[in-house]
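Enquirer:
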Amino acid sequence: MNNAPTVSFGRYTFHPQQRLVSKAGFPVPLGGRALDILAVLLEVPGQFVSKDTLIARVWPSSVVEENNLRVHIAALRRAFDGQPCIINDPQRGYSFVAPVQGAAQVSQSRHNLAVRLSPLIGRDELLGVLARRLCGQRLMTLTGCAGVGKSSLALALAERMLPRYRDGVWWVDLATVQAPTQMLHHLAQALGLEPCASTQALCKPLATRQLLLVLDGADLLLSACRHLVRALAQHAPRVSVLLSSREALLLPGEWVQRVPRLPLPAPCAWGSVEQAMTAPAVQLFVARVRAGQQGFELRPQDLAPLREICRRLDGLPLALELAAAQVEALGIQGVQSQLRSGLQVLTRGRRTAVERHQSFTAALDWSYARLSLPERWLFLQMGLFKMAVSLPVLIELVAGTELEHADLAYLLARLVGTSLLAQEPGPGPARYRLLNSLRSYALAQLRDPQQVARLQAGYGHYLGPFSGRSFVLQLVEQAAYSD
Numbered sequence: 002m003n004n005a006p007t008v009s010f011g012r013y014t015f016h017p018q019q020r021l022v023s024k025a026g027f028p029v030p031l032g033g034r035a036l037d038i039l040a041v042l043l044e045v046p047g048q049f050v051s052k053d054t055l056i057a058r059v060w061p062s063s064v065v066e067e068n069n070l071r072v073h074i075a076a077l078r079r080a081f082d083g084q085p086c087i088i089n090d091p092q093r094g095y096s097f098v099a100p101v102q103g104a105a106q107v108s109q110s111r112h113n114l115a116v117r118l119s120p121l122i123g124r125d126e127l128l129g130v131l132a133r134r135l136c137g138q139r140l141m142t143l144t145g146c147a148g149v150g151k152s153s154l155a156l157a158l159a160e161r162m163l164p165r166y167r168d169g170v171w172w173v174d175l176a177t178v179q180a181p182t183q184m185l186h187h188l189a190q191a192l193g194l195e196p197c198a199s200t201q202a203l204c205k206p207l208a209t210r211q212l213l214l215v216l217d218g219a220d221l222l223l224s225a226c227r228h229l230v231r232a233l234a235q236h237a238p239r240v241s242v243l244l245s246s247r248e249a250l251l252l253p254g255e256w257v258q259r260v261p262r263l264p265l266p267a268p269c270a271w272g273s274v275e276q277a278m279t280a281p282a283v284q285l286f287v288a289r290v291r292a293g294q295q296g297f298e299l300r301p302q303d304l305a306p307l308r309e310i311c312r313r314l315d316g317l318p319l320a321l322e323l324a325a326a327q328v329e330a331l332g333i334q335g336v337q338s339q340l341r342s343g344l345q346v347l348t349r350g351r352r353t354a355v356e357r358h359q360s361f362t363a364a365l366d367w368s369y370a371r372l373s374l375p376e377r378w379l380f381l382q383m384g385l386f387k388m389a390v391s392l393p394v395l396i397e398l399v400a401g402t403e404l405e406h407a408d409l410a411y412l413l414a415r416l417v418g419t420s421l422l423a424q425e426p427g428p429g430p431a432r433y434r435l436l437n438s439l440r441s442y443a444l445a446q447l448r449d450p451q452q453v454a455r456l457q458a459g460y461g462h463y464l465g466p467f468s469g470r471s472f473v474l475q476l477v478e479q480a481a482y483s484d
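Count along the sequence shown from 1, add 1, and you get the number used in the numbering used here.
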């Protein structure tokens, strides 16, 4: 804060260099902790700063209770003659809301984060955990399957962490990068740097900066991201990196958080609207329906079809949002009926989103297209099983097919690592299954003549003189009778 300008609000002026608040030219008595809190809040006027971030910034080397923070916030409010300068939101923290002069221009240049148009539902506890972890972590990766909300969570976390980084928070959407060679250009542009010819040249001006770099969709350029992170660790030690990715970088010091699906109501909670509405998956669905249908209220007769919708969509936020968008046209029972026939109802998506987020099937296409041929065949094979299967059982099931010669343990690990296959908890041998929505997608591939033709052609090319036609036809025949 040494070079920060003075900030005025009403009759008060905050002088960062002198660590002083004055009123009409006379100093206002305030303690050092209260001034530290005010300085953090004035870095981002009008934005909420979480309690965890305030405590970490003001007491960086101490463990303190939240009551300490409340005491100093109360002192600030008293010092400003009770004017409503600082407001509190139990979920988001504190915000300095009085009109200010001298700080708005500074804060606007400290990030390039997009404005969220809707609140993040069901992630408050996880956000708090991640915010605390990121305070002492230089590399964090959010992983999970398509549609689980990695990008949305990364954006909310970046917003929450903004006051913590002196030189701001900077977002790079790697979906817009066509090739690894273009990544440096996009990074330099996002960070306001001159175009760079090498990663080391990019890191040089970042050597003394304290900032958070967010790489969204890192699985698209995994090797390039690994190289970048290694270079930043060596040449820019105060730059932290947050990634969203289908798979982790697997680098030393990386903290990996698998983003969970939104919790569904317990079986006993579907007995009433009030109980069902306590579950984040139902809250999200209803909130998105209300966004397009004024006055919508969930009724008791809606609970049975909504229960099946939530089960089929596994609590995946993107899928729930897209299903909710169809309720005005089809009704909840109509959406339920459409989902029984597949995921086609989720192909009508958000036109303003990036390609892989425009529809749920587009998100799955994005993941499926990046599988190797053996991974793709095992993914489709897993779609034939309703229940979880272990590796020994799977070996028996594929006996006599071309998959018999594949390294199934490796392929299973790859599908789990890329967030396309779930490993069930429990004792005994590890058991694997596709989520309901991913299973519907796999079966749709096997029931699509064009996809089958591509699968046959790819299989024959991969095996060379060995024909894969009989195995493909076997998969197709089994898919026809699978639900």
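Even glycine gets a Cβ: it sits at the ideal position worked out from N, Cα and C.
According to DSSP, what are the bridge partners of Arg-79?
Expert: Answer is none; Arg-79 lacks a bridge partner.
Enquirer: Could you give the distance in angstroms between the alpha-carbon of Gly-32 and the alpha-carbon of Arg-20?
Expert: If you take the alpha carbons of Gly-32 and Arg-20, they lie about 10 Å apart.
Enquirer: Run the CB neighbour count on Ala-327, radius 10 Å, all protein chains shown included, and call it buried at 16 or more, exposed below.
Expert: According to the sequence displayed, residue 327 carries Gln and not Ala. Classification for Gln-327: buried.
Enquirer: Anyone know if the C-beta pair for Met-1 and Leu-203 falls short of 7 Å?
Expert: Residue 1 lies beyond the stretch modelled for the chain, which goes from 2 to 484, so this question has no answer here.
Enquirer: I want to know whether the segment 259-270 touches the segment 164-183 - three or more CB-CB distances under 8 Å.
Expert: The segment 259-270 vs the segment 164-183: no contact.
Enquirer: What did DSSP end up calling Lys-24 once you bin it into helix, strand or coil?
Expert: Three-state DSSP puts Lys-24 in a strand.
Enquirer: For Leu-379, collect the residues of the same chain with a Cβ closer than 8 Å to its Cβ; drop the 5 residues on either side in sequence, then sort them by chain order.
Expert: Within the same chain, Leu-379 has close Cβ partners Leu-404, Ala-407, Leu-409, Leu-412, Leu-413, Leu-416.
Enquirer: Residues in its own chain within less than 6 Å of Arg-210 by CB, not counting five upstream and five downstream?
Expert: Counting only Cβ-Cβ distances below 6 Å, and skipping sequence neighbours, we find Asp-168.
Enquirer: If you follow the beta strand (DSSP E) that His-112 is part of, which residue opens it and which one closes it?
Expert: No beta strand (DSSP E) contains His-112, which DSSP labels as neither H nor E.
Enquirer: Ends of the beta strand (DSSP E) at Thr-144?
Expert: It spans 140-144 - the beta strand (DSSP E) in which Thr-144 sits, taken as one unbroken run.
Enquirer: For Val-394, which of helix, strand or coil comes out of DSSP?
Expert: The answer is helix: DSSP assigns Val-394 an H, G or I state.
Enquirer: Would you identify the three-state DSSP class for Trp-271, choosing helix, strand or coil?
Expert: Correct three-state label for Trp-271: helix.
Enquirer: State the CB to CB distance for the pair Leu-207 and Leu-143, rounded to an integer number of angstroms; the pair is presumed to be in contact (CB under 8 Å).
Expert: Not a contact, Cβ separation roughly 22 Å.
Enquirer: Going by DSSP in three states, Phe-49 sits in which element: helix, strand or coil?
Expert: Reduced to three states, the DSSP call for Phe-49 is strand.
Enquirer: Can you give me the C-alpha to C-alpha distance between Met-141 and Ala-155, rounded to a whole angstrom?
Expert: In a straight line, the C-alpha of Met-141 is about 10 Å away from that of Ala-155.
Enquirer: Need the endpoints of the beta strand (DSSP E) that Tyr-442 sits in, please.
Expert: Element bounds for Tyr-442: not the beta strand (DSSP E) but the alpha helix (DSSP H), 437-447.
Enquirer: Helix, strand or coil for Ala-423? Go by DSSP, reduced to three states.
Expert: Of the three classes helix, strand and coil, the one that applies to Ala-423 here is strand, per DSSP.
Enquirer: Entirely within the segment 238-286 and at least 4 residues each: give me those alpha helix (DSSP H) ranges in chain order.
Expert: List check, alpha helix (DSSP H) in window: 274-277.
Enquirer: Leaving out five residues before and five after Trp-171 in sequence, what residues of the same chain have Cβ atoms less than 8 Å from its Cβ?
Expert: Cβ neighbours of Trp-171 beyond the five flanking positions: His-112, Asn-113, Ala-191, Leu-192, Leu-212, Leu-213, Leu-214, Val-215.
Enquirer: Check whether the segment 383-399 and the segment 441-449 touch, using three or more Cβ-Cβ pairs below 8 Å as the test.
Expert: Yes: the two stretches touch, three or more of their Cβ pairs being nearer than 8 Å.
Enquirer: Residues in its own chain within less than 7 Å of Arg-34 by CB, not counting five upstream and five downstream?
Expert: Counting only Cβ-Cβ distances below 7 Å, and skipping sequence neighbours, we find Val-59, His-73.
Enquirer: Using CA atoms only, rank isn't needed, just tell me which of Ala-232, Asp-366, Ala-400 is closest to Ser-441.
Expert: It is Asp-366.
Enquirer: If you count every other CB in all the chains shown that lies within 10 Å of the CB of Ala-105, and 16 or more means buried, which is it?
Expert: Note that Ala-105 scores a pLDDT of 44, beneath 50, so its modelled location is shaky and nothing firm can be said.
Enquirer: Nearest CA to the CA of Ser-507: which residue from Glu-160, Val-8, Ala-219, Val-346?
Expert: Here the chain comprises residues numbered 2 to 484, so residue 507 is not present and cannot be evaluated.
Enquirer: Asp-125 by DSSP, collapsed to three states: which one?
Expert: Helix.
Enquirer: Across which residues does DSSP place Arg-16 in a beta bridge pair?
Expert: Per the sequence presented here, residue 16 reads as His, with Arg not at that position. DSSP lists Leu-21 as partners of His-16.
Enquirer: Alpha carbons only, please: which of Gln-201, Lys-205, Cys-226, Trp-256 is nearest the one belonging to Pro-181?
Expert: Among Gln-201, Lys-205, Cys-226, Trp-256, the Cα nearest to that of Pro-181 is on Cys-226.
Enquirer: State the Cα-Cα distance for the pair Gln-179 and Ala-400, rounded to the nearest angstrom.
Expert: Approximately 41 Å between the Cα atoms of the pair.
Enquirer: In the structure shown, what three-state DSSP assignment does Gly-94 receive?
Expert: Gly-94 falls in the strand class under three-state DSSP.
Enquirer: If you draw a straight line from the C-alpha of Leu-485 to the C-alpha of Glu-67, how long is it?
Expert: Outside the displayed range of the chain (2 to 484) lies residue 485, so it cannot be described from this structure.
Enquirer: Cutting at 7 Å between CB atoms, please list the residues of its own chain near Leu-317, excluding the five before and the five after it.
Expert: Contacts found: Gly-148, Val-149, Arg-262, Ser-438.
Enquirer: Going by the beta-carbon positions, is the gap between Arg-313 and Leu-285 smaller than 7 Å?
Expert: Result no, Cβ atoms of Arg-313 and Leu-285 do not sit closer than 7 Å.
Enquirer: From Lys-151 to His-186, what distance separates their C-alpha atoms?
Expert: Rounded to the nearest angstrom, the two C-alpha atoms are 24 Å apart.
Enquirer: Would Leu-70 pass as a contact of Ile-56 if the rule is Cβ separation under 7 Å?
Expert: Contact flag set, yes.
Enquirer: Would you tell me roughly how many angstroms separate the C-alpha atoms of Gly-429 and Ala-249, rounded to the nearest one?
Expert: One C-alpha to the other measures close to 26 Å.
Enquirer: List the endpoints of the continuous alpha helix (DSSP H) containing Ser-342.
Expert: It is not in any alpha helix (DSSP H) - Ser-342 carries neither H nor E in the DSSP assignment.
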